[in-house]
Each structure stands twice: as C-alpha cells, then as structure tokens.
C-alpha cells in the first residue's frame with residue numbers, strides 16, 4: 082500500500098491477462114470463495130465489503146477497478162508480460178466519505194472566507210477579528226485529518242481481512258509472478 086498520509090490507501094497489481102479475461106477470472110474467483118453479500122461487481126468494477134454485523138462507522142470497503150495497459154501504465158515501469166492493471170482503493174462507506182468531505186470543505190471554506198475578511202479588516206486599519214476563523218479552521222482541519230487516521234487504524238484489521246480475500250483470487254493472474 083502507499084503512503085500512510087493518504088486518506089484512502091491504494092495499491093495496484095499488474096496482471097498478465099487482458100482486462101476482459103481478468104475481470105471474468107476475478108468474478109469467478111470471488112463467486113467461488115466469498116459469500117454473495119460480501120461483494121458486488123459491475124463492468125470493470127468490483128467491491129468487497131465487511132459483513133453487515135461487523136460494520137462500524139469507520140469500516141472500509143475495498144473498491145477494485147481493472148484498466149487496460151495504456152501509455153501511462155507502460156511508462157510506470159510495469160513488469161514484462163503485463164496486459165492489464167488492477168487498481169484497488171480502501172475507503173469508508175460512501176455516506177461516511179461524503180459526510181467527511183463535506184465537513185472538510187465547509188471548514189476549509191469558512192477558514193478561507195475568514196482569512197480574506199480578516200485581511201480586509203487588517204488592511205483597512207480595523208481590528209482583524211475575522212482571522213479567528215483561520216485560527217479555528219486550521220486546527221479543525223488537522224483534527225479531521227487526524228480523526229480519519231484514527232479511523233483507519235481502528236479499521237486496519239478489516240482492511241487486512243478484505244485484502245486477504247482478494248489476494249488469493251488475483252495471485253494466479255499477477256504479471257510479476259512469472
């Protein structure tokens with residue numbers, strides 16, 4: 082997985098099959114090894130979920146997308162024999178992610194507005210009380226980010242579980258395994 086500072090950890094896997102064949106093999110593997118209520122697939126996408134009775138507000142899902150090997154992926158130094166690429170991302174449930182991003186955007190917007198208003202007050206020779214929005218907004222943004230990190234730590238076991246479901250399905254399809 083990538084940088085621990087990421088809000089939604091991601092990973093890519095080079096595959097030795099063309100996208101269409103890889104999609105079919107992954108769907109067959111998931112259907113054979115995972116209960117139907119734990120995953121869903123449509124087109125070139127699939128999602129793995131934590132069982133309903135184990136879900137918490139910070140529970141993740143694993144979103145998987147298959148892409149053809151395009152010029153971008155070729156230039157990224159993929160192993161020899163790579164025909165397609167699996168892109169996977171851990172994320173909170175969509176309603177939790179939407180609420181988090183909305184709150185993040187509102188706090189950032191209010192801090193920015195407060196900064197602009199405070200600057201105008203300061204430039205006009207008035208008391209720049211609008212800057213309080215910046216002094217409150219920045220720590221709130223840091224707190225939101227730290228809260229997301231705590232949620233990731235609390236869901237680490239579920240992230241490992243979801244990846245352990247996907248790994249045996251894609252292992253025979255990997256281009257970097259010969």
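Residue numbers (my numbering): 82 to 259.
Just so it is clear, CB atoms sit at the ideal spot from N, CA and C, and this is done for glycine as well.
>> So for residue 150, helix, strand or coil by DSSP?
In response: coil
> Would you call the CB atoms of residue 170 and residue 230 closer than 7 Å?
Replying inline: no
> Exposed or buried, which one is residue 97 when buried takes at least 16 other CB atoms within 10 Å?
Replying inline: buried
>> Using 8 Å as the cut-off, can you tell me whether the stretch 126–140 makes contact with the stretch 227–246, which would need three or more C-beta pairs spanning the two stretches below that distance?
In response: yes
>> Tell me the rounded alpha-carbon separation between residue 121 and residue 128.
In response: 5 Å
> In terms of residue numbering, what span does the alpha helix (DSSP H) encompassing residue 205 cover?
Replying inline: No alpha helix (DSSP H) contains residue 205, which DSSP labels as neither H nor E.
> So is residue 224 buried or exposed if we call it buried at 16+ other beta carbons inside 10 Å?
Replying inline: exposed
> Any idea if residue 179 is buried or exposed, counting beta-carbon neighbours within 10 angstroms, 16 or more meaning buried?
Replying inline: exposed
>> Taking the alpha carbon of residue 188 as the reference point, which residue from 95, 228, 116 and 222 has its own alpha carbon closest?
In response: 222
> So, do the stretch 103–119 and the stretch 187–205 have three or more beta carbon pairs nearer to each other than 8 Å?
Replying inline: no
> Can you tell which of 150, 110, 123 and 132 has the C-alpha that lies nearest to the C-alpha of residue 100?
Replying inline: 150
> Going by alpha carbons, who is nearest to residue 123 out of 147, 131, 95 and 219?
Replying inline: 147
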